[in-house]
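If you're matching positions, the sequence shown starts at 265 in this note's numbering and goes up one per residue.
All remarks here apply to the structure that follows.
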Amino acid sequence: MKENNKPDYEALGRCVFLNNEIHARIASLREPVSHLHELGFTPHYLDSNKPKLSINQKVIDAVEELARETRDIYSEIYHLAREYNKWAALARQESITIKVYSDSSEQDK
């Protein structure tokens with residue numbers, strides 16, 4: 265039987281683990297963006313002396329992939345935060361306030 269003044273240590277351990285996972289996912293968001301910079305993120309170049317347009321398809325493909333990766337990572341972060349909040353009360357930890365922004369509107373989850 266657990267004493268009422270002690271946190272649930274299993275829940276506390278889960279919170280620590282989930283918190284670390286959330287921070288790792290947030291850090292991983294930087295990787296795809298740095299890849300775009302490596303490609304020389306200039307989708308077109310117009311030379312005033314000899315007009316020409318160059319489009320680097322690799323940049324377009326990388327932007328599409330970045331959007332997919334970012335969407336997946338945001339989804340993972342959201343689900344990790346929701347799971348964290350399930351354990352937070354048992355661990356006597358403050359829950360994470362989740363705000364989802366869309367079209368400049370804000371929703372608390």
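No residue lacks a Cβ here, since even glycine has one placed at the ideal position from N, Cα and C.
Count the other C-beta atoms from every protein chain shown that fall within 10 angstroms of the C-beta of residue i, then say buried if there are 16 or more, exposed otherwise.
i	result
Y348	buried
R278	buried
I324	exposed
I341	buried
L376	With the chain covering 265 to 373 only, the question about residue 376 has no answer from this structure.
May I ask which residues mark the beginning and end of the alpha helix (DSSP H) holding residue i?
i	result
K350	Q321 to A355
I286	Y273 to S292
Taking C-beta to C-beta, are residue i and residue j nearer than 7 Å?
i	j	result
E285	L354	no
R289	I360	no
P296	R356	no
W351	A291	no
Along the beta strand (DSSP E) that carries residue i, what are the first and last residues, could you check?
i	result
S366	K363 to S366
Within 6 Å: the Cβ of residue i and any heavy atom of the ligand NAD?
i	result
I324	By its list of ligands, the structure shown contains no ligand whatsoever, and the ligand NAD lies outside what it can speak to.
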